[in-house]
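In the working numbering, the protein residues as written are 1 to 283.
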């Protein structure tokens, strides 16, 4: 491993300080480190580029922050098969599973190419406007259709072109297994092992209590159409990108051809992370 990039949560002073320490540690070992322009300016680091160009310049990206920072980095990487090493500086950290006291032993193995990655499926989102225009997105966690106001909305759901139901609910979540521990979990959805190839469709506070979350195989396509008489409906991608929906919009969600590759922490399983983050077995 000769070229490494760093993405840090810039409004967190701890992340900026740790970035400086990691840059020094890596450069002392002959590794070229690239930062986005803003972080490089703060650290007076000579090797920099725009955040969108960072995946083209490196072989691995270190993410310092929480899961939100990881989701941002996942969007930067897109279809590039660059592994991500997530260091948890947030509160939960299902994606950034490596703790600060584990970073240097893990990095020592990474720069020697002695590490394993775990593939995480992503979702492809296609939004077709009533005027015929099309927008496409790739996301890691979830797609959420929700009213901008605190009231029920109605959304028609089809799976592989077959009508399923019209949900009357606060909203609807379409989630990957990785996103199963995010908003979907709060809405009563199941926890899926992250390498399972499935998609969760979970209503948020449904009017009909028999509308329960369903899990479908990853080769199926979910098509969502908000009722045309509903205004103020939002499409939210990974909790970070908000798009107001218009009458006649159709949202199509299916598995993306792209995947994310997370560096695994040696000796730590997914169940270790669940026990720690969800405080299972605590007294």
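Where a beta carbon is used, it is the ideal one built from N, C-alpha and C, also for glycine.
Rounded to the nearest whole angstrom, the CA to CA distance from residue 231 to residue 243 is 13 Å. For residue 160, there is no enclosing alpha helix (DSSP H), as DSSP gives it neither H nor E.
With respect to residue 155, residue 226 sits close: the two C-beta atoms are nearer than 8 Å.
In the same chain as residue 273, and ignoring 5 residues on each side of it, the C-beta atoms closer than 6 Å to its own belong to 97, in chain order. Its Cα nearest to that of residue 187, the residue 213 stands out among 59, 237, 194 and 213. The C-beta distance from residue 190 to residue 121 rounds to 16 Å, too long to fall under 8 Å, and the pair is not in contact.
Residue environment analysis places residue 241 among the exposed positions, since fewer than 16 neighbouring C-beta atoms fall within 10 angstroms of its C-beta. Contact between the segment 250-269 and the segment 113-120 is present: 3 or more CB-CB pairs across the two stretches fall below 8 Å. Straight across, the Cα-Cα distance linking residue 249 with residue 233 is about 11 Å.
Within the segment 160-237, the complete alpha helix (DSSP H) segments of 4 residues or longer fall at 183-186, listed in chain order.
Residue pairing from DSSP places residue 255 in a beta bridge opposite 123.
Secondary structure note for residue 7: its beta strand (DSSP E) is the uninterrupted segment 3-8.
A direct Cα-Cα distance of roughly 5 Å separates residue 37 from residue 49. Between residue 45 and residue 16, the C-beta spacing is not below 8 Å. For the 8 Å CB-CB criterion, residue 173 and residue 148 do not form a contact. Where residue 24 is concerned, there is no enclosing beta strand (DSSP E), although the alpha helix (DSSP H) around it starts and stops at 13-27.
In this structure, 58 is the residue among 164, 58, 199 and 132 with its C-alpha nearest to the C-alpha of residue 6.
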